[in-house]
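> Below you'll find the structure I mean.
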Ligand SMILES: [Zn+2]
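Residue numbers (this note's numbering): 76 to 175.
Below, the structure is given as structure tokens:
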């Protein structure tokens, strides 16, 4: 059944977005969601509930370990290919030097 424009607009009158309500952190002054931990410093109700600095350090260490693992894997794959390509020219060069 067809909806009138009025009916559609009446339904959509409740669809407007509201700005999120934010509270100010008592510890660092950053704005955070009310009744939630401050995401900048990890404090809630004047008490540290999460050590965000340690979490950040652990995360960076984890990412570095992953990067190191990836580079190690690439180096394991790459030298075998590089040796095959570079071995012949190097050998020829050394032979020429020896003959001279
Ligand atoms: Zn804070």
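Just so it is clear, CB atoms sit at the ideal spot from N, CA and C, and this is done for glycine as well. As the structure is a prediction and not an experimental result, all values here were calculated from the model.
Is any heavy atom of ligand 1 found at a distance shorter than 7 Å from the C-beta of residue 98?
Every heavy atom of ligand 1 is 7 Å or more from the Cβ of residue 98, so no.
> Taking just the CA atoms, how far does residue 83 sit from residue 93?
Each residue's alpha carbon lies about 20 Å from the other.
> Give me whichever residues DSSP pairs with residue 106 in a beta bridge.
According to DSSP, which records beta bridges pairwise, residue 106 is partnered with 99.
> Once DSSP output is grouped into helix, strand and coil, what is the label at residue 77?
Here residue 77 sits in coil by DSSP.
> Using only the heavy atoms of ligand 1, determine whether one of them is closer than 7 Å to the beta carbon of residue 105.
Residue 105 Cβ: within cutoff of ligand 1.
> Hey, how far is the Cα of residue 123 from the Cα of residue 141?
Looking at the two C-alpha atoms, the distance is approximately 30 Å.
> Comparing C-alpha positions only, which one of 139, 130, 107, 137 sits nearest to residue 120?
Of 139, 130, 107, 137, the residue nearest in Cα terms is 107.
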